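Before any comments, here is the structure.
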Amino acid sequence: MRTRMPALCLIIASLSMASASRLAAQDSAPTVSIDACDLVSSADVQKVTGRPARKAPSRLSDAQSTQSYCGYRDAAVRITLFSRASAAQKHVYQELEVGGFDKAKQTVAGVGDSAAIYFKPKGKSPAGFLVTYAGTRTLTIGVKVDEGQPSESARPFAVGLAKIALAKLN
């Protein structure tokens, strides 16, 4: 029994170290080294949407620098960049739920590693919400369109802005 005790202690110690190593790797996930507002300028927003972004964009980032938000309110555009998939998944879920988007995603080819767009159903304030993945990063772009327009008309705006943003990430 005494000869097995050190072996058991070694097994427990190695399991503890492996667990601590995994936690450290999660904590050292890459941070957002670029602000979402640096990905798309006011001029880009106006060029793609046709709406002037007269006011400076609203900037927001979290304390861990794993996500960055940029809002061009007067142009009805929101851009969010995430470096951690878990935070991005939570944001997408909340945006779809709270924003009232239809959960039926439509894939979008040629934007990042993969992309999908969601639209608000008829009868709600028309908007599109694009989610695209580029390496370890997730980029979301929300675009509202004018009342009376179908939500699907947000697609070219969201895709155009995503392509500009992704080009600056590479």
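The numbers in the sequence shown follow our numbering, run straight up by one, and end at 1228. From the three backbone atoms N, C-alpha and C, an ideal C-beta is built for every residue, glycine too. Note that the structure is a prediction, hence the values are computed from the model and not measured.
- Between Ala1145 and Thr1165, the beta carbon gap of about 23 Å keeps them out of contact (Cβ cut-off 8 Å).
- With fewer than 16 neighbouring CB atoms inside 10 Å of its own CB, Pro1214 falls in the exposed class.
- Note that the stretch 1185-1201 touches the stretch 1152-1163; at least 3 beta-carbon pairs, one per stretch, sit closer than 8 Å.
- Residue pairing by DSSP places Val1201 opposite Val1135, Gly1186 in a beta bridge.
- In the three-state DSSP reduction, Gln1104 falls in the helix class (H, G or I).
- Here the stretch 1136-1143 lies against the stretch 1181-1196, with 3 or more beta-carbon pairs under 8 Å apart.
- The C-beta distance from Lys1178 to Gly1158 rounds to 6 Å, short enough to meet the 8 Å contact threshold.
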